[in-house]
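Enquirer: Quick note: the sequence shown uses our numbering, first residue 50, plus one each step.
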Amino acid sequence: MMMEDIARLTIVQAKSPAAAASTVQITDDSRTTLYGVFRSSPAARLMLTEVLMLLGVVGLLVLLLLGSYRRRSSGAAVKVTIWVAYASSYPLVNYTLGLMQSSPYNNGLFSVWALCLFLILGSVDSLSAYSLQDNENWKRFYFQEFIMSSWVVLLISSGGHPNFQYLLWVMYAIIVIKCSVRVASLRLATGRDISDKGMVDYMSCEHELCPDDEDPDPVTMRGYRYVIGDGKWRMVAMAPDFELKYDVDKLLTVDKVWGCQGSLLRGDGDNIGRLKDLCLSMALSNMLKRRFAGLELAESSLGKTHDFLFHGLLHGDNCFERALRVIEEELAFVHDFFYTKYFAIYSGHHLSVLLSFSMIPFCSWLAYKLFRHFQTPNDELKLVFPAHNRNYDALITFVLVVGIALVEGLQVYLYLASSWCKVALISNYVVRDSWKSRKWVAKSIGCITGLKFFRTWEDKLGQYTLLQNCNFKPINILHRVTFGLVDETKNGRKKDAPIKLSMAVKRAVMETLKSSNGELTNGVTSLQANGVLQKLSWSYTNHETTTHTILAWHIATTLCEAHDPMHQPSEEEQHRTETATNRHVASSLSRYCAYLVAFAPELLPDHCFISESTFDSLIIETQILLEKVKTLQQRCEILKEVGAIPDINNNRRFRLTISGAQLGNQLIHEITSPRLRWKVLSDFWAEMMLYIAPSSDARAHLETLPRGGEFITQIWALLTHGGILERPPRPPHNV
50 MMMEDIARLT IVQAKSPAAA ASTVQITDDS RTTLYGVFRS SPAARLMLTE VLMLLGVVGL
110 LVLLLLGSYR RRSSGAAVKV TIWVAYASSY PLVNYTLGLM QSSPYNNGLF SVWALCLFLI
170 LGSVDSLSAY SLQDNENWKR FYFQEFIMSS WVVLLISSGG HPNFQYLLWV MYAIIVIKCS
230 VRVASLRLAT GRDISDKGMV DYMSCEHELC PDDEDPDPVT MRGYRYVIGD GKWRMVAMAP
290 DFELKYDVDK LLTVDKVWGC QGSLLRGDGD NIGRLKDLCL SMALSNMLKR RFAGLELAES
350 SLGKTHDFLF HGLLHGDNCF ERALRVIEEE LAFVHDFFYT KYFAIYSGHH LSVLLSFSMI
410 PFCSWLAYKL FRHFQTPNDE LKLVFPAHNR NYDALITFVL VVGIALVEGL QVYLYLASSW
470 CKVALISNYV VRDSWKSRKW VAKSIGCITG LKFFRTWEDK LGQYTLLQNC NFKPINILHR
530 VTFGLVDETK NGRKKDAPIK LSMAVKRAVM ETLKSSNGEL TNGVTSLQAN GVLQKLSWSY
590 TNHETTTHTI LAWHIATTLC EAHDPMHQPS EEEQHRTETA TNRHVASSLS RYCAYLVAFA
650 PELLPDHCFI SESTFDSLII ETQILLEKVK TLQQRCEILK EVGAIPDINN NRRFRLTISG
710 AQLGNQLIHE ITSPRLRWKV LSDFWAEMML YIAPSSDARA HLETLPRGGE FITQIWALLT
770 HGGILERPPR PPHNV
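And the structure:
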């Protein structure tokens with residue numbers, strides 16, 4: 050409809066005759082601007098309100114789907130879309146409420162719209178917080194919810210249509226409970242809940258719960274009484290300790306799941322122990338949550354903790370795949386605890402999911418009533434377009450309600466397909482003898498546990514090649530036009546396309562971990578095992594920090610890539626395959642470590658300032674040294690020539706670049722066999738990945754989870770469960 054037509058719309062159902070009479074006729078001047086139309090025409094403002102309502106429901110659907118998807122993607126488009134939908138939800142609710150309050154209409158549809166806005170404010174189950182800072186602001190959200198709730202009560206009681214007012218009250222009560230679940234999830238994620246203290250006290254003496262004649266077995270999980278879920282703790286107010294007591298018999302622990310004899314958890318009912326491992330992942334997530342909260346990990350110093358990793362998770366033929374699967378699921382539980390409502394739903398006996406399910410028939414019944422009003426020619430719910438034979442306002446409200454029903458239905462499915470629901474069903478199966486005696490229960494649970502939606506993590510490695518991107522100079526237009534809202538990109542920081550995290554890379558790192566038995570070094574062990582330790586002895590003292598070591602070896606690895614063709618025609622097929630695999634592992638991990646230095650220095654051993662300043666200096670070095678050289682191959686040739694110059698070490702201006710060039714030259718000329726050279730590089734980078742993973746900065750790892758996660762975070766979590774919380778001090782003889 051044209052603006053002139055909108056201006057002539059007749060106002061019906063005005064709050065009072067005076068309000069209708071006071072409608073301003075749009076003059077020719079005011080009609081020249083869109084603002085003039087909306088300022089002068091209540092009907093136009095009402096149409097804007099309806100459009101905003103539709104956008105709000107669409108935004109809710111976007112948050113529902115992408116909220117579940119965002120830990121599977123590091124893409125900027127996904128992140129920006131979620132941020133826009135999340136950040137605009139509260140302003141949209143406020144502005145739409147303002148439009149409704151300023152409208153001269155007083156109609157029963159307003160109460161339905163207010164309910165939809167209330168639900169938008171409560172967000173979706175798959176996204177309760179965009180960032181960790183949002184969890185700290187749970188009181189602010191609680192206040193917003195209280196104000197909004199009071200306003201909705203006023204609207205329903207004073208303006209609700211009698212034909213469906215009772216439905217609105219029921220739906221209002223459901224939405225209040227669902228919004229309170231978000232408040233609870235935000236508060237729980239702050240790490241100040243009583244259950245955290247209870248878990249600390251329990252784990253400090255968990256090893257004492259086993260009989261003296263029973264040794265823990267990390268394969269059968271005998272003696273590992275790790276709690277599944279949050280546990281139920283009882284406060285005993287006895288000075289001076291105010292201890293938290295627990296009843297071990299009432300706690301569901303890992304050893305009870307492994308000892309369950311039901312058909313669901315043995316034989317064909319549990320394919321390679323995946324359901325048991327899912328429960329194990331949840332139990333292990335409690336350890337990470339305590340670490341994120343800065344609480345004590347008393348079990349980290351125990352021998353059984355070391356054995357759990359090196360003789361339990363890393364035991365058997367498919368141990369590497371299984372260990373990483375357990376860690377991936379564990380990190381998914383941790384992500385959901387801090388960024389979604391799922392833990393609050395799980396702790397609340399799934400009431401919120403039942404309420405979401407109950408919203409579907411209520412919304413359907415309300416939609417049916419609204420559709421009947423759409424078909425009524427002169428209906429009292431008609432706000433605009435009185436000349437039409439259809440009530441389009443009721444139709445728009447019908448679409449809103451159907452959209453809400455769709456959102457609630459998807460929320461139910463997403464929770465059923467989540468690991469939280471699966472663990473809840475398995476837990477009930479273990480503790481209820483009546484369930485174990487009925488085969489149909491096991492089959493039903495098996496069907497539900499087979500539901501899937503998205504994969505757990507993105508499973509990709511970020512990549513960065515220094516010699517290829519060192520001359521990159523960003524324009525940073527978006528940073529300027531948004532006044533800093535978009536982060537500034539520094540010189541030389543241009544990411545390569547991420548690659549799939551292959552099983553070859555995983556296996557190389559896991560084999561190195563298993564052979565280390567927890568004794569981590571930054572490369573000396575692999576060099577010694579390959580017989581090249583003495584040849585590279587000069588590099589022991591040349592690199593002051595781990596960042597220097599990573600960058601020098603990254604340059605050297607790039608030079609080796611440029612020197613060796615992808616296929617060695619003189620090699621036998623078996624050796625050629627082995628060399629190609631080692632080359633892939635070394636190149637992938639080299640570029641990944643360089644990516645961490647350039648884009649995620651907070652995950653590395655050195656302080657962020659040291660890593661960033663070292664990298665910035667290296668960018669300046671390479672830009673000066675390779676200023677007029679365009680291709681990667683030419684840059685590598687120049688660096689090989691530079692590295693061959695005698696006494697070049699005296700040039701402190703290009704010290705780190707020259708160090709990498711010399712190391713690359715030495716690898717090429719002193720290890721003449723490509724097969725051995727790539728074996729040395731592959732083993733070195735696998736060992737380096739393990740060395741840089743332990744960290745006390747748990748928050749930095751937690752913040753990577755909504756961005757698709759990082760491979761180094763998986764290794765960090767894996768080492769945590771082996772009792773390796775910090776990297777060993779850097780000995781002077783290490784590389």
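Cβ atoms here follow ideal geometry from the backbone N, Cα and C, with glycine treated the same way.
List the endpoints of the continuous alpha helix (DSSP H) containing A332.
Expert: R323 to F341
Enquirer: Got a sec? Which residues, its chain only, sit under 6 Å from Y179 by beta carbon, not counting five neighbours each side?
Expert: Y135
Enquirer: Buried or exposed: which applies to G278, given that a residue is buried once 16 or more other Cβ atoms fall within 10 Å of its Cβ?
Expert: That one is buried.
Enquirer: Could you pull the DSSP bridge partners for V479 from this structure?
Expert: DSSP, once it has assigned bridges, lists no residue as partnering V479.
Enquirer: Let me confirm a value: W132 is counted as buried when at least 16 other C-beta atoms fall within 10 Å, else exposed. Which label applies?
Expert: An exposed status is given to W132, since fewer than 16 other beta-carbon atoms sit within 10 Å of its beta-carbon.
Enquirer: By Cβ distance, which residues of its chain are closer than 6 Å to E377, with the 5 residues on each side in sequence left out?
Expert: T505 and W506
Enquirer: With H, G and I counted as helix, E and B as strand and the rest as coil, what does DSSP make of K539?
Expert: coil
Enquirer: Across the segment 720-731 and the segment 309-316, are there enough close Cβ pairs to call them in contact, namely three or more that are closer than 8 Å?
Expert: no
Enquirer: Taking the continuous beta strand (DSSP E) assigned at I548, which residues delimit it?
Expert: D545 to K549
Enquirer: Closer than 8 Å is the cut-off here; do at least three beta carbon pairs connect the segment 553-566 with the segment 512-531?
Expert: Short answer: they don't touch.
Enquirer: Can you check the segment 363-427 for any alpha helix (DSSP H) of at least 4 residues that lies completely inside it and give the ranges in chain order?
Expert: 368-388, 391-396 and 400-423
Enquirer: Based on the DSSP secondary-structure assignment, which residues constitute the bridge partners of V173?
Expert: L176
Enquirer: Where do the N-terminal and C-terminal ends of the alpha helix (DSSP H) with G495 fall, by residue?
Expert: Start and end: K488 to T498.
Enquirer: Of all the options G247, K549, F192 and C642, which has the alpha carbon lying nearest to the alpha carbon of A742?
Expert: Here the closest residue by C-alpha is C642.
Enquirer: Give the single residue among S565, M102, L653 and N591 whose Cα lies nearest to the Cα of H360.
Expert: S565
Enquirer: Measuring straight from C-alpha to C-alpha, what distance separates R271 and S486?
Expert: 24 Å
Enquirer: For the candidate residues R371, F341 and L351, whose alpha-carbon lies nearest to that of L327?
Expert: R371
Enquirer: Leaving aside the five residues before and after T769 along the sequence, list all residues of the same chain whose C-beta is less than 6 Å from its C-beta, in chain order.
Expert: Excluding positions up to five away in sequence, the list is empty.
Enquirer: Beta-carbon separation of V402 and K338 under 8 Å?
Expert: no
Enquirer: Where does L681 fall in DSSP's three states?
Expert: helix
Enquirer: In whole angstroms, give me the CA-to-CA distance for E379 and V450.
Expert: 36 Å
Enquirer: Ignore the nearest five residues each way along the sequence and tell me which others in S253's own chain have a CB closer than 6 Å to its CB.
Expert: A347
Enquirer: Once DSSP output is grouped into helix, strand and coil, what is the label at L26?
Expert: Here the chain comprises residues numbered 50 to 784, so residue 26 is not present and cannot be evaluated.
Enquirer: Once DSSP output is grouped into helix, strand and coil, what is the label at T769?
Expert: Residue state for T769 is assigned as helix, using DSSP reduced to three classes.
Enquirer: Since T446 sits in a beta bridge, which residues does DSSP pair it with?
Expert: In DSSP, T446 forms no bridge with anything.
Enquirer: By a C-beta neighbour count over all protein chains shown, 10 Å radius and 16 as the cutoff for buried, is Q682 buried or exposed?
Expert: Taking every protein chain shown into account, the CB of Q682 has fewer than 16 other CB atoms within 10 angstroms, so this residue is exposed.
Enquirer: Across which residues does DSSP place V276 in a beta bridge pair?
Expert: T302
Enquirer: Pick helix, strand or coil for R271, following the three-state DSSP scheme.
Expert: strand
Enquirer: If you measure between the beta carbons of V456 and V173, is that distance less than 8 Å?
Expert: yes
Enquirer: Might you give, ordered along the chain, the residues of its own chain that have their beta carbon closer than 8 Å to the beta carbon of I55, omitting 5 neighbours on each side?
Expert: Residue confidence is low: I55 scores 37 on pLDDT, short of 50, so the model does not pin down where it sits. No coordinate-derived value is stated.
Enquirer: Going by DSSP, name the residue or residues bridged to D266.
Expert: R271
Enquirer: Can you tell me the Cβ-Cβ gap for T446 and L474, rounded? I've got them flagged as a contact below 8 Å.
Expert: Going by Cβ atoms, the distance from T446 to L474 rounds to 38 Å, so no, they are not a contact pair.
Enquirer: Under three-state DSSP, which class holds V127?
Expert: Helix at V127.
Enquirer: Identify which residue in K689, S745, Q715 and A749 has its Cα closest to the Cα of R582.
Expert: The amino acid at residue 582 is misidentified as Arg; the sequence shows Leu. The residue with the shortest Cα to Cα distance from L582 is Q715.
Enquirer: At a cut of 8 Å, does the segment 571-578 reach the segment 727-737 through at least three beta carbon pairs?
Expert: yes
Enquirer: Buried or exposed for A546, please, with buried defined as at least 16 other CB atoms from any protein chain shown within 10 angstroms of its CB.
Expert: exposed
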